[in-house]
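Visitor: The structure's right below; bear with me while I get my questions together.
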Amino acid sequence: EDLEPFEASKETAEEFKREHGDKVEIFEIPESGEYIVRMKKGAGLWIPKALRFDRLVAGQIPTGWDAKKYGVPEDIIDQVDPVTLFVLVSVAEALLSSGITDPYEFYKYVHVSEVGNCIGS
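So this is what it looks like as C-alpha coordinates:
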(Lines of atoms letter the chains of each structure in order from A and count residues from 1; the text may use other names and numbers.)
(Lines give C-alpha, C1' and ligand atoms only; values in the text may rest on other atoms or scores of the structure.)
Protein backbone atom coordinates (compact mmCIF):
# COMPACT_ATOMS: atom_id res chain seq x y z
CA GLU A 1 0.00 0.00 0.00
CA ASP A 2 1.28 3.50 -0.84
CA LEU A 3 2.11 5.85 2.04
CA GLU A 4 -0.04 8.90 2.68
CA PRO A 5 1.27 11.91 0.72
CA PHE A 6 3.19 14.52 2.70
CA GLU A 7 4.37 18.06 2.08
CA ALA A 8 8.08 18.82 1.64
CA SER A 9 10.41 21.46 0.24
CA LYS A 10 11.43 21.26 -3.41
CA GLU A 11 14.93 20.08 -2.46
CA THR A 12 13.63 17.33 -0.17
CA ALA A 13 11.05 16.17 -2.73
CA GLU A 14 13.68 16.01 -5.47
CA GLU A 15 16.00 14.06 -3.18
CA PHE A 16 13.25 11.49 -2.51
CA LYS A 17 12.67 11.21 -6.27
CA ARG A 18 16.40 10.83 -6.94
CA GLU A 19 16.77 8.12 -4.27
CA HIS A 20 13.63 6.12 -5.06
CA GLY A 21 13.03 6.77 -8.78
CA ASP A 22 9.68 5.46 -9.99
CA LYS A 23 8.66 4.48 -6.44
CA VAL A 24 8.06 8.16 -5.60
CA GLU A 25 5.79 10.76 -7.19
CA ILE A 26 6.25 14.47 -6.55
CA PHE A 27 3.81 17.26 -7.36
CA GLU A 28 4.31 21.00 -6.95
CA ILE A 29 1.76 22.99 -4.96
CA PRO A 30 1.56 26.15 -7.13
CA GLU A 31 0.27 28.41 -4.34
CA SER A 32 3.12 27.74 -1.92
CA GLY A 33 6.00 26.45 -4.03
CA GLU A 34 6.15 23.40 -1.74
CA TYR A 35 5.80 19.85 -3.03
CA ILE A 36 3.62 16.85 -2.27
CA VAL A 37 5.58 13.59 -2.04
CA ARG A 38 3.83 10.23 -2.45
CA MET A 39 5.88 7.13 -1.73
CA LYS A 40 4.57 4.11 -3.58
CA LYS A 41 4.54 0.52 -2.39
CA GLY A 42 8.05 -0.94 -2.59
CA ALA A 43 9.95 2.24 -1.74
CA GLY A 44 12.47 1.79 1.05
CA LEU A 45 12.16 3.98 4.10
CA TRP A 46 14.89 4.14 6.75
CA ILE A 47 14.07 5.76 10.07
CA PRO A 48 16.86 6.18 12.62
CA LYS A 49 16.18 4.64 16.00
CA ALA A 50 16.01 7.16 18.81
CA LEU A 51 18.33 6.17 21.63
CA ARG A 52 18.46 7.56 25.14
CA PHE A 53 21.89 9.06 25.71
CA ASP A 54 22.56 9.83 29.35
CA ARG A 55 26.28 10.63 29.16
CA LEU A 56 27.91 14.04 28.99
CA VAL A 57 31.15 12.60 27.60
CA ALA A 58 31.52 9.60 25.35
CA GLY A 59 34.60 7.60 24.52
CA GLN A 60 36.64 8.15 27.66
CA ILE A 61 39.70 6.02 28.26
CA PRO A 62 38.92 3.48 31.01
CA THR A 63 40.23 4.33 34.47
CA GLY A 64 43.50 2.53 35.15
CA TRP A 65 44.18 1.76 31.49
CA ASP A 66 47.93 1.42 30.88
CA ALA A 67 49.58 1.18 27.46
CA LYS A 68 52.57 -0.63 29.01
CA LYS A 69 50.35 -3.67 29.64
CA TYR A 70 49.90 -3.94 25.87
CA GLY A 71 53.62 -3.80 25.11
CA VAL A 72 53.91 -0.17 24.06
CA PRO A 73 57.53 0.92 24.66
CA GLU A 74 58.21 3.52 27.36
CA ASP A 75 59.79 5.98 24.90
CA ILE A 76 56.60 6.07 22.83
CA ILE A 77 54.46 6.44 25.96
CA ASP A 78 56.57 9.46 26.94
CA GLN A 79 56.13 11.12 23.53
CA VAL A 80 52.38 10.91 22.89
CA ASP A 81 49.12 11.66 24.69
CA PRO A 82 46.91 8.96 26.27
CA VAL A 83 44.24 9.16 23.54
CA THR A 84 46.82 8.43 20.84
CA LEU A 85 48.14 5.49 22.86
CA PHE A 86 44.61 4.13 23.29
CA VAL A 87 43.98 4.45 19.54
CA LEU A 88 47.26 2.70 18.69
CA VAL A 89 46.41 -0.23 20.95
CA SER A 90 42.79 -0.34 19.73
CA VAL A 91 43.84 -0.41 16.08
CA ALA A 92 46.42 -3.13 16.78
CA GLU A 93 43.77 -5.19 18.61
CA ALA A 94 41.26 -4.69 15.76
CA LEU A 95 43.79 -5.76 13.14
CA LEU A 96 44.81 -8.85 15.11
CA SER A 97 41.17 -9.76 15.78
CA SER A 98 40.44 -9.62 12.06
CA GLY A 99 43.40 -11.86 11.25
CA ILE A 100 45.74 -9.16 9.96
CA THR A 101 49.12 -9.76 11.56
CA ASP A 102 51.08 -7.47 9.25
CA PRO A 103 49.49 -4.03 8.64
CA TYR A 104 51.87 -3.43 5.72
CA GLU A 105 49.76 -5.98 3.87
CA PHE A 106 47.31 -3.12 3.20
CA TYR A 107 49.85 -1.45 0.95
CA LYS A 108 49.76 -4.38 -1.47
CA TYR A 109 46.19 -3.38 -2.31
CA VAL A 110 45.90 0.35 -1.64
CA HIS A 111 48.25 3.32 -1.75
CA VAL A 112 49.67 4.56 1.56
CA SER A 113 47.73 7.83 1.13
CA GLU A 114 44.43 5.90 1.17
CA VAL A 115 44.96 4.26 4.59
CA GLY A 116 44.46 6.33 7.71
CA ASN A 117 43.00 6.72 11.13
CA CYS A 118 41.36 9.75 12.70
CA ILE A 119 41.29 10.68 16.38
CA GLY A 120 39.88 13.69 18.12
CA SER A 121 36.72 15.69 17.77
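Just so we're aligned, residue 101 is where the sequence shown starts under the numbering used here, counting upward by one. Glycine is no exception: its CB is placed at the ideal position from the N, C-alpha and C atoms.
1. Could you compute how far the alpha carbon of residue 168 sits from the alpha carbon of residue 187?
2. Below 8 angstroms between beta carbons: does that hold for residue 202 and residue 140?
3. Residue 136 and residue 129 look like a contact to me (Cβ under 8 angstroms); what is the Cβ gap, rounded to whole Å?
4. Taking all protein chains shown into account, decide if residue 194 is buried (16 or more other Cβ within 10 angstroms of its Cβ) or exposed.
5. For residue 170, which of 125, 153 and 185 has the nearest alpha-carbon?
6. With which residues is residue 125 paired in a DSSP beta bridge?
7. Would you kindly check if the distance between the Cβ of residue 183 and the Cβ of residue 200 is under 8 angstroms?
8. Check for me: the beta strand (DSSP E) holding residue 108 runs from which residue to which?
9. Just checking my contact of residue 120 with residue 143 at CB under 8 angstroms: how many whole Å lie between their CB atoms?
10. Along the chain, where does the alpha helix (DSSP H) containing residue 195 start, and where does it finish?
11. Please report how far the alpha carbon of residue 106 lies from the alpha carbon of residue 117, in whole angstroms.
12. Applying the 10 Å Cβ sphere with the 16-neighbour rule, what's the burial state of residue 180?
13. Does the Cβ of residue 210 have 16 or more other Cβ atoms within 10 Å, making it buried, or fewer, making it exposed?
Guide: Let me lay it out:
1. Straight through space, the alpha carbons of residue 187 and residue 168 are spaced by roughly 14 angstroms.
2. One thing to note: residue 202 has its Cβ no nearer than 8 angstroms to the Cβ of residue 140.
3. For residue 136 against residue 129, the beta-carbon gap comes to about 6 angstroms, under 8 angstroms, which counts as contact.
4. Here residue 194 is exposed. Its C-beta has fewer than 16 other C-beta atoms within 10 Å.
5. Here the closest residue by C-alpha is 185.
6. Paired residue(s): 138.
7. Cβ atoms of residue 200 and residue 183: not closer than 8 angstroms.
8. For residue 108, the enclosing beta strand (DSSP E) starts and ends at 106 to 108.
9. Between residue 143 and residue 120 the Cβ distance is about 5 angstroms, and since that is below 8 angstroms, they are a contact.
10. Residue 195 -> alpha helix (DSSP H) spans 182 to 197.
11. Going by C-alpha positions, residue 106 is about 13 angstroms away from residue 117.
12. Flag for residue 180 reads exposed.
13. Counting Cβ neighbours within 10 Å, residue 210 comes out exposed, since fewer than 16 surround it.
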